[in-house]
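Heads up, the numbering used here is the position in the sequence shown plus 260, with the first residue counted as 1.
C-beta atoms are modelled at their ideal positions from N, C-alpha and C, and glycine is treated no differently.
Report on the following structure.
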Amino acid sequence: MAGGQRRKCKCCRRLFRPDPRSRRHQRYCSEPPCRAASKAASQARWLAKPENQGYFRDPWHVIWVRAWRSRHPGYWRKPRRCATALQDVSRAQSIDSEAKTANFVRSPLQDLITAQPAVLIGLITHLVGTPLQDDIVRTTDRLLRLV
C-alpha cells in the first residue's frame with residue numbers, strides 16, 4: 261500500500277489521503293476551511309453529550325470565575341508587551357586571542373563557544389568525527405597546546 265486509501269472530505273467533498281497515524285478516524289482534509297469545519301463538528305459532538313451540557317456553567321464555576329476576575333481587574337484590557345527578539349538584544353563580543361588562549365586550556369566547552377566562532381567548533385567536530393563535547397574539548401585542548 262504505497263500511498264494509502266484515499267477518502268472523501270466531509271466538508272469540501274474532494275479526495276484526500278489521510279495521515280497514516282490517524283487513518284482510522286480522519287474524515288476531513290487538511291485545508292484550512294475543512295479543518296475549521298472539523299473543529300466545529302467536534303465541538304458540536306462534545307456539547308451534544310449529556311454530561312457536557314452544563315460544563316463550566318454550574319454555580320460553583322460561576323463563583324470561581326467571578327472571584328478570579330475580582331482578583332485580576334482589567335486582565336483582558338491590558339495591552340500586551342511586545343517581546344524583543346533575542347537576536348536584536350545580543351551584542352557582538354570582541355576576542356583578543358592572545359589573552360584568552362591561556363584560559364581555554366581548562367575552560368568548559370560552553371565558554372569556548374562564546375569566545376570562538378561557531379565555524380571553528382564545527383571544523384573541529386568535522387575533523388574529530390564526533391559531535392560529543394568531551395571529544396571536542398580534548399581536541400581543542402590539544403590544538404591549543406600546539407600553538
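- Shortest Cα-Cα distance from P280 to any of R337, C271, C294 and Q265 involves Q265.
- Comparing alpha-carbon positions, the option among R283, S290 and R305 lying closest to R274 turns out to be S290.
- Counting along the chain, D401 sits inside the alpha helix (DSSP H) bounded by residues Q393 to L406.
- In the DSSP annotation of this structure, C269 is not part of any alpha helix (DSSP H), being labelled neither H nor E.
- The residues C269, C271, C272 and Y288, in chain order, have a CB closer than 6 Å to that of C294 in the same chain once the five nearest residues on each side in sequence are set aside.
- Excluding the 5 residues flanking it on each side, T399 has same chain C-beta neighbours closer than 8 Å at I384, L387 and V388, in chain order.
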